[in-house]
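Data first, discussion second: the structure below is written as structure tokens.
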Amino acid sequence: MAKIRSDGPVKTAITKKNKLKAKVNKKKSKNKIKKSGVVNSSEVGTIENNDSANTCQDKTVVQNEQFGNRFPMFKDEELIKKFLAIPMTNNQKCRMRQTLKDSLKGTSDELMPDAIYSWIQTIVKEKTSLTVQELKKIRILYNMLKTAAEAKTTDKNKNKKSDVNKKRTDEMDNLIEMKEANKDEEITDTNVTDEENEGVKKHLNLPLEVGKEQVVQNSSVDQFGERFAILKNEELIKKFLATPMTNNQKGRMRQTLKDSFKGTSDELLPDVIYSRIQTIVKDTASLTDPELRKIRILYNMLKTAVETKATEVKNKKAKNKKKKHNDKSETETEVKEEITDEIENFNVIKKEENKIDEEITDTKVAVVKNEGDDKHLKIEKDRKQDKIKGPKRYVVFVGNLPLDVDKEQIMKHFNQIKDNIVDVRIPKTKEGQKSSIAYVELKNELCYELALSKHHSMFGNKRLNVLYTTQKGSKISKAEAKGKAAKLVALQKSGKLAGSIPLNRKRSQRRMKAKKARAKLEAEA
1 MAKIRSDGPV KTAITKKNKL KAKVNKKKSK NKIKKSGVVN SSEVGTIENN DSANTCQDKT
61 VVQNEQFGNR FPMFKDEELI KKFLAIPMTN NQKCRMRQTL KDSLKGTSDE LMPDAIYSWI
121 QTIVKEKTSL TVQELKKIRI LYNMLKTAAE AKTTDKNKNK KSDVNKKRTD EMDNLIEMKE
181 ANKDEEITDT NVTDEENEGV KKHLNLPLEV GKEQVVQNSS VDQFGERFAI LKNEELIKKF
241 LATPMTNNQK GRMRQTLKDS FKGTSDELLP DVIYSRIQTI VKDTASLTDP ELRKIRILYN
301 MLKTAVETKA TEVKNKKAKN KKKKHNDKSE TETEVKEEIT DEIENFNVIK KEENKIDEEI
361 TDTKVAVVKN EGDDKHLKIE KDRKQDKIKG PKRYVVFVGN LPLDVDKEQI MKHFNQIKDN
421 IVDVRIPKTK EGQKSSIAYV ELKNELCYEL ALSKHHSMFG NKRLNVLYTT QKGSKISKAE
481 AKGKAAKLVA LQKSGKLAGS IPLNRKRSQR RMKAKKARAK LEAEA
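The opening position of the sequence shown corresponds to residue 1 in full-length UniProt numbering, with each subsequent residue numbered one higher.
Written as structure tokens, this is what we have:
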């Protein structure tokens, strides 16, 4: 029989007792520390973490207060609770955020918060009771506004830090360079003059003026404002940037406007776009959403046109400099060859001149005999030619007008080119005529094409005929004039004239095609 040890259960009981005693001692020591006021190292760490959390909370409170002061609508806690309480799926959020981002495309980072806030204001002010969809939109716009405002503040802080660091590094570099240049002499003064700085920068091939590019950009913006005065109006810019737009709307409107400006030269394009903006702004007292959208797209087109023009001018200057440099580096051998060629040509020309002199003497005798008869004919021909010659005029014939038409009505019809109209002449109508005609004179070729693109446009109940005309006493025959008018009409239909839209893109033409197709199917059936 094996002996059973009696030590095992006793030992386990002793270990349990020891553990309980240790726990009790620990609790007593903790209570003593709390009473005495002594703090453990682990407790210090927890206290520090709590302090940092409190400071972060204070910062967020300050940020929220600033946000509320700038955008007072978000001081209303009821409204915030309303739109935060509405349930939204991730899919809905993504869709709405994408559409709103697309509509705000093109707005600068500085104007973004104001544009978003004005949009929220329009939603809240227009309606007394907000729907669920509108509250969802406000919620996403609110989040976008917050991120935009935070990004703006962080950018400002970063710029400040970078400027300070740049200044420090520049000063250090200058001092090091000065020490290397003057090793023999001991530099006592830490302050360095501007002239010395410039010398050091030249030696290192560094830019002499810091922030020169920024100054140039600011000057270009000022020039843009001076040249196009309406675009100094910040309220108008905020208005049309705040109007919501989908990508589909943008694409359509941009395409139609591009088609209307087809054929315009790059030099005239900014002025033509600006005149279009002026006409929209001047004619209407209170601008609608579609008009504001049109102004927004025209504004972006104007900006791009001006920027491309500036880059082209720079490239041209660079090319001219290269050409001049190449012209200077011509070799002497080429010059000598040219001189020898000129001498040979001179000898040949001299021989030909002698022959021509002989022929002239023979013709002079014949002319003197018939001089008396032909004098009157020559004078009449010269007078006719003087009449036809002179500055080129751009006149358009406008037919099928109502009998009681005025100059003002015609000017209103040609609203796009109103500023470039020289004169409108309405001849007197004869008895028994059903319609009257007019002649519109324009300043340049571009406006002439834009006027011709109004062919078959509606003037009240009447369809106008805007056609090519000839001057009185011109050599062009009636048949030639008709042919030219027909050519211009064909160009207008194909959309090659400035301001004209091709027939394929017109809704009326598409409907006609659809009708014909239906008629064919019915006939076959």
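Here a beta-carbon is modelled for each residue, glycine too, at the ideal position from N, C-alpha and C. Remember, it's a predicted structure, so these values are computed and weren't measured experimentally.
- prompt: Lys-496 by DSSP, collapsed to three states: which one?
  reply: coil
message: Whether or not the region 417 to 434 and the region 445 to 452 are in contact is what I'm after, with contact meaning three or more pairs of Cβ atoms, one per stretch, closer than 8 Å; do they touch?
response: yes
query: Which value, in whole angstroms, describes the spacing of the CA atoms of Leu-257 and Leu-302?
result: 12 Å
- prompt: Within 10 angstroms of its Cβ, does Thr-107 collect 16 or more other Cβ (buried), or is it exposed?
  reply: buried
query: Which residue from Thr-243, Ile-295, Arg-252 puts its Cα closest to that of Ile-230?
result: Ile-295
field: Own chain, CB closer than 8 Å to Gln-509, minus 5 neighbours either side, in chain order
entry: Leu-503
message: By the DSSP assignment, the alpha helix (DSSP H) with Gly-251 in it spans what residues?
response: 247 to 260
message: Per DSSP, what are the beta-bridge partners of Ile-421 in this structure?
response: Leu-442
query: In three-state terms, what does DSSP make of residue 567?
result: Residue 567 is absent from the structure shown; the chain starts at 1 and stops at 525.
- prompt: Can we say the region 238 to 245 touches the region 472 to 488, given the rule of at least three CB pairs closer than 8 Å?
  reply: no
- prompt: What does DSSP give as the partner residues of Gly-399 in its beta bridges?
  reply: Asn-465
field: Reference Tyr-439, options Gly-460, Val-405, Ala-519, Asn-90, closest by Cα
entry: Val-405
- prompt: Closest to Gln-144 by CA distance: which of Pro-113, Lys-136, Gly-495 is it?
  reply: Reading off the sequence shown, one finds Met at residue 144, where the question assumed Gln. Closest option to Met-144, Cα to Cα, is Pro-113.
- prompt: How many Å lie between Gln-98 and His-413 at the Cα?
  reply: 40 Å
- prompt: Identify the residues that DSSP records as bridge partners of Ser-436: which are they?
  reply: Leu-401
message: Using a Cβ-Cβ cutoff of less than 8 Å, which residues in the same chain neighbour Gln-492 once the five nearest sequence positions on both sides are dropped?
response: Leu-452, Ser-453, His-455, Ser-500
task: State the CB to CB distance for the pair Gln-398 and Ile-410, rounded to an integer number of angstroms; the pair is presumed to be in contact (CB under 8 Å).
output: Rather than Gln, the amino acid found at residue 398 in this sequence is Val. Contact holds; Cβ gap of about 7 Å.
task: Measure the beta-carbon distance from Leu-100 to Leu-135 and round it to whole angstroms, keeping in mind my assumption that it falls under 8 Å.
output: So it is not a contact: roughly 14 Å between Cβ atoms.
Cutoff 8 Å; reference Ala-514; Cβ partners in own chain excluding five residues on either side: none
task: Pull up the distance between the alpha-carbon of Lys-81 and that of Ser-118, whole angstroms please.
output: 20 Å
query: So, using beta-carbon positions, are Phe-83 and Ile-123 closer together than 8 Å?
result: no
- prompt: If you draw a straight line from the C-alpha of Glu-522 to the C-alpha of Arg-511, how long is it?
  reply: 17 Å
- request: In the DSSP assignment, find the unbroken alpha helix (DSSP H) run with Leu-521 in it and report its ends.
  value: 507 to 524
message: Please list the terminal residues of the continuous alpha helix (DSSP H) segment that includes Gln-409.
response: 407 to 413
message: Need the endpoints of the alpha helix (DSSP H) that Ile-237 sits in, please.
response: 234 to 242
- request: Measure the CB-CB distance between Thr-469 and Val-395 and report whether it falls below 8 Å.
  value: yes
- prompt: Looking at the structure shown, is Phe-74 part of a helix, part of a strand, or coil, going by DSSP?
  reply: helix
task: Determine the direct distance from the alpha carbon of Ser-275 to that of Lys-121, and round the result to whole angstroms.
output: Sequence check: residue 121 is Gln here, not Lys. Taking the straight line joining both Cα atoms gives about 31 Å.
Per-residue DSSP class, three states only, for Phe-459: strand
- prompt: Straight-line CA distance for Ala-490 to Arg-227?
  reply: 37 Å
task: Please name the residue or residues paired with Tyr-394 in a DSSP beta bridge.
output: Leu-442
query: Whole-angstrom Cβ separation of Lys-262 and Ala-498, contact assumed at under 8 Å?
result: 6 Å
message: Tell me the rounded alpha-carbon separation between Glu-408 and Glu-524.
response: 52 Å
task: Kindly indicate which residue of Thr-147, Met-88, Val-24, Glu-110 has the alpha-carbon position closest to the one of Val-132.
output: Met-88
query: Quick one, are the C-beta atoms of Leu-446 and Asn-400 less than 8 Å apart?
result: no
task: Report back the beta-carbon spacing between Ser-103 and Pro-244 to the nearest angstrom; my notes put them in contact at under 8 Å.
output: 4 Å
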